[in-house]
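Participant: One structure, pasted below without further comment.
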Amino acid sequence: MDIKSDQDYDLLEVPGSNPPLYVAVLLSMHHGEDDENSGTNYWEWTIMMDLLLGSLLAPQTALFGWFAESSRSTGPDVGNQLFTSASVRHSELVVVISDTYLPKLESKLVKGDPIKEVIIQHAIQLGGLPIPIPVPVPIQINIFSHCYITSVQRHLDYLIVSLRVGAKRVVCTAFDQKGMPKGVGTYEIDFRTYGQDALGFF
360 MDIKSDQDYD LLEVPGSNPP LYVAVLLSMH HGEDDENSGT NYWEWTIMMD LLLGSLLAPQ
420 TALFGWFAES SRSTGPDVGN QLFTSASVRH SELVVVISDT YLPKLESKLV KGDPIKEVII
480 QHAIQLGGLP IPIPVPVPIQ INIFSHCYIT SVQRHLDYLI VSLRVGAKRV VCTAFDQKGM
540 PKGVGTYEID FRTYGQDALG FF
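Going by the numbering used here, the residue at position 45 of the sequence shown is 404; the numbering climbs one at a time, nothing skipped.
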């Protein structure tokens, strides 16, 4: 079921989810045109899943929507420490992509083959850089590793793919008003061992 919530995206209810899970799905795969510069389009959100998507030269493809959640159960007594008794958990990673990749992904599901890495990237065009044609620059990279496909669902032209996640790493880059990088924040956690490390947040 689609629920219109904004002019830029719809909320897509994942079939069979209980309680209901909604994923924001972009209405257009492209960020838009830069008429004052190159007049070209680019993908603001992309996904790479080993070499299953795209091509050998460009293994990434457009990502229409995705959902992921890290959580930790807490007790009613807020005055006590909960770190020794509560474990960090990760939801299934849910991604929405083109149905072009149905045969490859369902084959992985049936065989139970692991997915080494799923890389989700958010890129934007920055102004002020000393280059004639603006190039999309990644501002956030999410790397999910040790993954297994648990579900592949058809929804019109979309595929809704759910994956079990073993570990993840997030890299965020901040830029100043001139378009130059001013800091990088990274975070990684292995949900198989619950070891975690936070480095370099700005």
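Glycine is no exception: its CB is placed at the ideal position from the N, C-alpha and C atoms.
What separation, rounded to the nearest whole angstrom, lies between the Cα atoms of K467 and A526?
Facilitator: Taking the sequence shown and counting its residues from 1, the one referred to as residue 467 is at position 108. Taking the sequence shown and counting its residues from 1, the one referred to as residue 526 is at position 167. Approximately 19 Å between the Cα atoms of the pair.
Participant: Nearest by alpha-carbon distance to W404: which of H505, H514, V455, R448 is it?
Facilitator: Start at 1 with the first residue of the sequence shown, and residue 404 comes out as number 45. Checking every option, the nearest Cα to that of W404 belongs to V455.
Participant: The alpha helix (DSSP H) with V524 in it runs from where to where?
Facilitator: Indexing the sequence shown from 1 puts residue 524 at position 165. Unbroken run through V524: none, as it is neither H nor E.
Participant: Given a cut-off of 8 Å on the beta-carbon distance, is the pair S457 and D549 in contact?
Facilitator: As a position in the sequence shown, residue 457 is number 98, starting the count at 1. As a position in the sequence shown, residue 549 is number 190, starting the count at 1. Not a contact, by the Cβ cut-off of 8 Å.
Participant: Do V453 and S504 have their CB atoms nearer than 8 Å?
Facilitator: Stepping through the sequence shown from its first residue, residue 453 is reached at position 94. Stepping through the sequence shown from its first residue, residue 504 is reached at position 145. No, Cβ-Cβ distance for V453 and S504 is not below 8 Å.
Participant: Looking at the secondary structure, which residues open and close the beta strand (DSSP E) in which L452 lies?
Facilitator: Residue mapping note: residue 452 aligns to position 93 of the sequence shown, counting from 1. Here the beta strand (DSSP E) through L452 covers 452-457.
Participant: What's the C-alpha gap between L485 and T532?
Facilitator: Sequence index remark: in the sequence shown, residue 485 carries index 126 (1-based). Sequence index remark: in the sequence shown, residue 532 carries index 173 (1-based). Going by the C-alpha atoms only, they are around 12 Å apart.
Participant: Is it buried or exposed for Q480, if we count other Cβ within 10 angstroms and need 16 for buried?
Facilitator: Taking the sequence shown and counting its residues from 1, the one referred to as residue 480 is at position 121. By the 10 Å Cβ count, Q480 comes out buried.
Participant: Taking buried to mean at least 16 other C-beta atoms within 10 Å of its own C-beta, is G542 buried or exposed?
Facilitator: For the purposes of this step, residue 542 is taken as the residue at position 183 of the sequence shown. Counting Cβ neighbours within 10 Å, G542 comes out exposed, since fewer than 16 surround it.
Participant: I'd like to confirm the pairing. Which residues does DSSP put opposite W404 in its beta bridges?
Facilitator: For the purposes of this step, residue 404 is taken as residue 45 along the sequence shown, with counting starting at 1. W404 pairs with H481.
Participant: With respect to the alpha helix (DSSP H) encompassing S466, which residues constitute its N-terminal and C-terminal limits?
Facilitator: Here residue 466 refers to the residue found at position 107 when the sequence shown is read from its first residue. Element bounds for S466: 461-470.
Participant: According to DSSP, is R551 part of a helix, a strand, or is it coil?
Facilitator: By one-based count along the sequence shown, residue 551 stands at place 192. Of the three classes helix, strand and coil, the one that applies to R551 here is coil, per DSSP.
Participant: Let me make sure I understand the geometry here. Which of G544, P540, M539, N501 has the alpha-carbon closest to that of W425?
Facilitator: Counting from one through the sequence shown, the residue named residue 425 turns up at place 66. Checking every option, the nearest Cα to that of W425 belongs to N501.
Participant: Anyone know if the C-beta pair for L461 and I508 falls short of 8 Å?
Facilitator: Residue mapping note: residue 461 aligns to position 102 of the sequence shown, counting from 1. Residue mapping note: residue 508 aligns to position 149 of the sequence shown, counting from 1. Taking 8 Å as the Cβ cut-off, L461 and I508 do not qualify as a contacting pair.
Participant: How about V529 and T552: are their beta carbons less than 8 Å apart?
Facilitator: For the purposes of this step, residue 529 is taken as the residue at position 170 of the sequence shown. For the purposes of this step, residue 552 is taken as the residue at position 193 of the sequence shown. No, they are not a contact pair.
Participant: Grab the span of the beta strand (DSSP E) containing S414 for me, first residue to last.
Facilitator: Within the sequence shown, residue 414 is the residue found at index 55, counting from 1. Counting along the chain, S414 falls outside any beta strand (DSSP E), and DSSP gives it neither H nor E.
Participant: Whole angstroms is fine: what's the gap from G471's alpha carbon to R513's?
Facilitator: Residue 471 sits at position 112 when you count from the first residue of the sequence shown. Residue 513 sits at position 154 when you count from the first residue of the sequence shown. About 19 Å.
Participant: In angstroms, rounded to a whole number, what distance separates the CA positions of D409 and S430?
Facilitator: For the purposes of this step, residue 409 is taken as residue 50 along the sequence shown, with counting starting at 1. For the purposes of this step, residue 430 is taken as residue 71 along the sequence shown, with counting starting at 1. Using only the alpha carbons, I get a separation of about 26 Å.
Participant: Rank L412, F534, W402 by C-alpha distance to the C-alpha of L518 and give the top, closest one.
Facilitator: Residue mapping note: residue 518 aligns to position 159 of the sequence shown, counting from 1. Of L412, F534, W402, the residue nearest in Cα terms is L412.
Participant: Do Y401 and P540 have their CB atoms nearer than 8 Å?
Facilitator: Start at 1 with the first residue of the sequence shown, and residue 401 comes out as number 42. Start at 1 with the first residue of the sequence shown, and residue 540 comes out as number 181. No, these two residues do not count as a Cβ contact at 8 Å.
Participant: For P497, which option in E476, S414, F534, A427 has the closest C-alpha, if you only look at C-alpha atoms?
Facilitator: For the purposes of this step, residue 497 is identified with residue 138 of the sequence shown, where counting begins at 1. The candidate whose alpha carbon is nearest that of P497 is F534.
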